[in-house]
Amino acid sequence: MALAAFGQLNADDIPSWGSRSVDCFEKLEQIGEGTYGQVYMAREIKTGEIVALKKIRMDNEKEGFPITAIREIKILKKLDHENIIKLKEIVTSQGPEVDEQGKPDSKYNGNIYMVFEYMDHDLTGLADRPGLRFTIPQIKCYMKQLLTGLHYCHVNQVLHRDIKGSNLLIDNEGTLKLADFGLARSFSGDHNANLTNRVITLWYRPPELLLGATKYGPAVDMWSVGCIFAELLHGKPILPGKNEPEQLNKIFELCGSPNEINWPGVSKIPWYNKFKPARQMNKHLREVFRNFDRHALDLLEKMLILDPSQRISAKDALDAEYFWTDPLPCDPKSLPKYESSHEFQTKKKRQQQRQNEEIAKRQKLQHPQQHARLPPIQQTGQAHPQHWTGLNHPVSNYQPPASAGPSHHHYGKPRGPPGGPNRYPPSGNPSGGYYPDRGGQGGGYTSGSYPPQGRAPPYSGSSVPASGPRGAVSGYGVAPANYSQGGQYAGSGAGRGPNPMGGNRSQQYGWQQ
Amino acid sequence: MASNFWTSSHYKQLLDQEEVDVVHPLDREKGINLEDFKLIKMHMANYIGKLAQNVKVRQRVVATAVTYMRRVYTKKSMTEYDPRVVAPTCLYLASKAEESTVQARVLVYYTRKLYSDEKYRYEIKDILEMEMKILEALNYYLVVFHPYRSLSQLLQDAGMNDTQICWGLVNDTYKMDLILIHPPHLIALACIYVASVLKDKENTAWFEELRVDMNVVSLQS
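If you read the protein sequences in the order shown, they are chains D and B. Anchor point for the first sequence: position 323 equals 323 in the numbering used here, and the numbering is continuous, going up by one each time. Anchor point for the second sequence: position 114 equals 1114 in the numbering used here, and the numbering is continuous, going up by one each time.
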């Protein structure tokens, strides 16, 4: 990937002062949705280049240009690394208001878009693909890139503060890039500034932030990396708390509870006494993940250390045995190419899929004999039965007996109903709660759902992600045995079009067998 | 900012004196000559400084704000970009970029307090509107390197204790366009040199050792 030197971000083909209009781009498809705006995939009309446009929402801004956007722009213009998303330029669109001369008055009423290089996937979207299980060299490859990018951030004194799967973008060259610096900020080496502790998506938030620390450093990002690492190996998020107290509890259950011995100074952290568990809890990390290989477990243990000062740094993690023992991390370019998948899109597709299935069901009712072959509901809805209540769609009825979880068939396109999925545009949220949001609301171009400054009361709950368990959706943890790489693309006519899920995976859809 | 000045947009955007000293055609039509242009910018720098004292932000924010203002006027006319609203807006934007946010309404309040003149009356929405125009004029390059960081290092190296005068001199450099023209460490050096001359301190040997381009110094006075 050719990298322009820093500062040449947009020097060549763009007038050096003033920004171009968004009209230079043709929006193709929405690929993300965040608190501060939508993200679109778009094509630059002049060059045909595909880019991602992240809209900076300006309405409801009492304080002008959002400081989160200022931080993100400042930081992105400062960072230049192959594992960090590249901000290509900023474009504007004219607002509706015109001044008395009839000329467009100012950009104030318009929209502002950040233009990023387009990335095909985010890690969550990719991991959620049906039947996709990452290989160990692949996981090592992604982890190595993640740590390399993060190390670069930390060397440049930038904390990312929202490391999670949907913010790690992956292109079809296998390159992983850190994205969404909307919560990032610069830090000084001495950790003396007071920073907000209301950052990082709950599941990936380190114990020191949950305990209310306002002085922290790069270790917060390393905790998130540890969570991602375990998630990649384990197949689903390891610490899916529903709120802060539960999150802390889950952490303590896994990593033990903190005390002055394993974490000197912990009792001085603001909310320590409030959340201190009644009894000392022991560490269970090694038992819970006993199926991981030794080096992976060693590394994970160093990442998920409660005391931030003892937690491994990105630099040291890159030196870990894990990355230097067989199987070695693979070359990114050797990784398989997948069709575009962003978390936002896969979620949306699941919604569409359910609607299709509903129609399929109605048709099916005329062929009741097929039902006899299906497993009962209880068998599949095991993990989170509450999410099945109140749903009148029939997914589980069509569960192929071979599959352990209720997930894969959502991607398969039923052959039954006429027409493709795009004949059934997504409605609001036909079955709210079944595929609850993972908090970050979509792909890595978007901003997290946290207020940039912790003005909210500590437990307002408003910024707690709607953290439904994703266990039921995990694709790779329960991959069907018959998965083959070729099968992914076999017979696929769908490319990057608005509906790339077009019927190429019917073979995974078990109900017709 | 921790990142490297030599790879920054700031370094790449350094200009020559001649490029900075261009009065925009629109302003020239109105009869503004180069001297007026410089005076207005100096006045605005003072204005930003005064406002900053009232809203209590660090000197660094003032320096960034003044730099933004000076950069804007290398490209835009004062006719289109009224200095009386550009000044507070630059401070507003700089306060965000330097992580010490000041609310727009607070700025408006102090503007009114400082200047009762009708012509200085601006509303919050004027500031917010101008903010977008300034961001665009700056091409969203918001990171500015200042001489302060090098200054403290250099002062230590030169073994000078009386630093107050140097800091003052550095602050005064923002009354000119030096920050657009020279890399910050040279400005810092020049200030140290001027300070040495003023204090009759013999620093020639130290300067020679550094082999810096002493021509910069002449620009200082």
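C-beta: ideal position from N, C-alpha, C; glycine also. What you are looking at is a predicted structure, and each value in this text was computed from that prediction instead of being measured.
Coarse secondary structure for residue i, derived from DSSP in three states
| i | result |
| --- | --- |
| B/SER1008 | coil |
| B/GLU1098 | coil |
| B/MET1132 | helix |
| D/ARG185 | strand |
| D/TYR338 | coil |
| D/ARG438 | Summary for D/ARG438: the model assigns pLDDT 41, below 50, so the residue's position carries little reliability, and this model does not support an answer. |
| D/LEU159 | strand |
| D/ALA278 | coil |
| D/ASN259 | coil |
| D/LEU285 | helix |
| D/PHE323 | helix |
| B/LEU1014 | coil |
| D/GLN30 | strand |
| B/PHE1037 | helix |
| B/SER1227 | There is simply no residue 1227 of chain B to check, as chain B begins at 1001 and stops at 1221 in what is shown. |
| D/ASP122 | strand |
| D/GLY443 | Confidence is the limiting factor: at D/GLY443 the pLDDT is only 48, short of 50, which leaves the residue's position unreliable, though a coordinate-based value still follows. The answer is coil: DSSP assigns D/GLY443 none of H, G, I, E or B. |
| D/SER21 | strand |
Neighbour flag for residue i against chain D, beta carbons, 8 Å
| i | result |
| --- | --- |
| B/LYS1050 | no |
| B/ALA1104 | yes |
| B/LEU1226 | Limits of chain B in this structure are 1001 at one end and 1221 at the other, which puts residue 1226 of chain B out of reach. |
| B/LEU1151 | no |
| B/TYR1081 | no |
| B/VAL1197 | no |
| B/GLU1131 | yes |
| B/LEU1091 | no |
| B/SER1009 | yes |
| B/VAL1056 | The sequence shown places Lys at residue 1056 of chain B, not Val. B/LYS1056 does not count as touching chain D. |
| B/TYR1073 | no |
| B/THR1101 | yes |
| B/ALA1065 | no |
Nearest to residue i (by Cα), restricted to the options the options
| i | options | result |
| --- | --- | --- |
| D/PHE344 | D/GLU301, D/HIS121, D/ILE112 and D/ALA320 | D/HIS121 |
| B/PRO1083 | B/GLU1099, B/GLN1059, B/ASN1171 and B/LYS1133 | B/LYS1133 |
| D/GLU239 | D/HIS154, D/TRP203, D/VAL158 and D/THR196 | For clarity, residue 239 of chain D is Leu in the given sequence; the question names Glu instead. Of the candidates D/HIS154, D/TRP203, D/VAL158 and D/THR196, the one whose C-alpha sits nearest the C-alpha of D/LEU239 is D/TRP203. |
| D/GLU89 | D/ARG129, D/GLY149 and D/PHE25 | D/PHE25 |
| D/GLU260 | D/TYR272, D/GLY32, D/GLU253 and D/GLY165 | D/TYR272 |
| D/LEU210 | D/LYS177, D/ASP307 and D/GLU301 | D/ASP307 |
| D/PRO245 | D/PRO207, D/SER340 and D/GLU72 | D/PRO207 |
| D/ARG185 | D/LYS177, D/LEU195, D/LEU176 and D/ALA179 | D/LEU195 |
| B/VAL1144 | D/LEU183, D/LEU147 and D/LYS74 | D/LYS74 |
| D/SER135 | D/PHE65, D/PRO332 and D/GLU357 | Residue identity differs from the one stated: residue 135 of chain D is Thr in this sequence, not Ser. The candidate whose alpha carbon is nearest that of D/THR135 is D/PRO332. |
| D/GLY182 | D/LEU176, D/GLY174 and D/VAL158 | D/VAL158 |
| B/VAL1170 | B/HIS1146, B/GLY1031 and B/MET1160 | B/HIS1146 |
| D/ASN156 | D/LYS27, D/HIS342, D/ASN167 and D/SER188 | D/SER188 |
Where the beta strand (DSSP E) containing residue i begins and where it ends
| i | result |
| --- | --- |
| D/SER93 | 87-93 |
| D/VAL39 | 37-44 |
| D/VAL199 | Segment: none, D/VAL199 is in no beta strand (DSSP E) and carries neither H nor E. |
| D/VAL220 | Where D/VAL220 is concerned, there is no enclosing beta strand (DSSP E), although the alpha helix (DSSP H) it sits in stretches over 219-234. |
| D/LEU53 | 50-56 |
| B/MET1069 | Careful: B/MET1069 lies outside any beta strand (DSSP E), inside the alpha helix (DSSP H) at 1059-1075. |
| D/TYR113 | 111-117 |
| D/LEU178 | 176-178 |
| D/ILE269 | Element bounds for D/ILE269: n/a, residue is neither H nor E. |
Any chain B beta carbon closer than 8 Å to residue i
| i | result |
| --- | --- |
| D/LYS74 | yes |
| D/SER19 | yes |
| D/ILE90 | yes |
| D/GLU63 | yes |
| D/ILE261 | no |
| D/ILE85 | no |
| D/LYS78 | yes |
| D/ILE56 | no |
| D/ILE67 | yes |
| D/TYR435 | Because D/TYR435 carries a pLDDT of 38, less than 50, the predicted location of this residue cannot be relied on, and the following value inherits that uncertainty. It does not; no Cβ of chain B falls within 8 Å. |
| D/ILE70 | yes |
| D/LEU391 | Only weak support exists for where D/LEU391 lies, its pLDDT of 38 falling under 50; the value from the coordinates is given anyway. D/LEU391 does not count as touching chain B. |
Endpoints, alpha helix (DSSP H) assigned at residue i
| i | result |
| --- | --- |
| B/VAL1020 | 1017-1020 |
| D/LYS77 | 67-78 |
| D/ASN532 | No statement about residue 532 of chain D is possible, as the shown extent of chain D runs from 1 to 513 and does not include it. |
| D/GLU301 | 294-303 |
| B/ILE1179 | 1178-1181 |
Rounded Cβ spacing between residue i and residue j (contact assumed at less than 8 Å)
| i | j | result |
| --- | --- | --- |
| D/ALA69 | D/ILE85 | Not really, about 15 Å apart at Cβ, beyond 8 Å. |
| D/CYS153 | D/LEU254 | Actually they are not in contact, since the Cβ atoms of D/CYS153 and D/LEU254 sit about 26 Å apart, beyond 8 Å. |
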